[in-house]
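Numbering (this note's numbering), first residue to last: 2 to 167.
Worksheet: one structure, shown below.
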């Protein structure tokens, strides 16, 4: 099974995550851009992503929560800045409440998500910038790498399932 790789420069405030998926550029892009697909893979098991609203356009946002096994809700929001279809998008990613008010006690991340298709597979490279090394460390301590890798495994399964439906 493919792995998500992570690189963090010592003392830096940027993390780079990369993963190759067995799916076309169009399929992988759609999995990041369409809420009905995002909800199927974004949250690490046993959590489930639930979209409240999503407007995937420059200036739009994705407001969602991750529902835990006991029914708890962890609210988050992405604000989309720049979108180049099937190439890249940039956004922030922050923790918030059900109304979309930012949780200032937790770090905000700036994402640059890039897509490169090579026929039947697609590489996704994610550069995540933090305000400080301490913010990066806090997100890592909260289990970001493990959770993001698990979500990528969910995307692998979703793409595999799509092959059987063709």
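All residues carry an ideal CB built from backbone N, CA and C; glycine is no exception.
Since the model is a prediction, treat every value here as computed from it, not as a measurement.
Taking all protein chains in view, the Cβ of residue 92 is crowded by 16 or more other Cβ atoms within 10 Å, so the residue is classified as buried. In the same chain as residue 103, and ignoring 5 residues on each side of it, the C-beta atoms closer than 6 Å to its own belong to 95 and 97, in chain order. Distance from residue 29 to residue 137 at the Cβ level is roughly 26 Å; contact not present, criterion being Cβ atoms closer than 8 Å. With fewer than 16 neighbouring CB atoms inside 10 Å of its own CB, residue 71 falls in the exposed class.
In this structure, DSSP gives residue 39 a helical state, which the three-state scheme calls helix. With a beta-carbon spacing of about 12 Å, residue 50 and residue 159 fall beyond the 8 Å limit used to define contacts. Between residue 78 and residue 44, the beta carbon gap of about 15 Å keeps them out of contact (Cβ cut-off 8 Å).
101 is the residue among 25, 101, 48 and 69 whose C-alpha sits nearest the C-alpha of residue 62. A distance of 8 Å or more separates the beta carbons of residue 59 and residue 88.
Inter-residue distance for residue 141 and residue 152 is about 15 Å (C-alpha atoms, whole angstroms). For residue 35, the closest of 56, 19 and 163 by C-alpha to C-alpha distance is 56. When the Cα atoms are used, residue 20 and residue 107 turn out to be separated by approximately 26 Å. Residue 131 holds the alpha-carbon nearest to the alpha-carbon of residue 16 among 131, 48 and 135.
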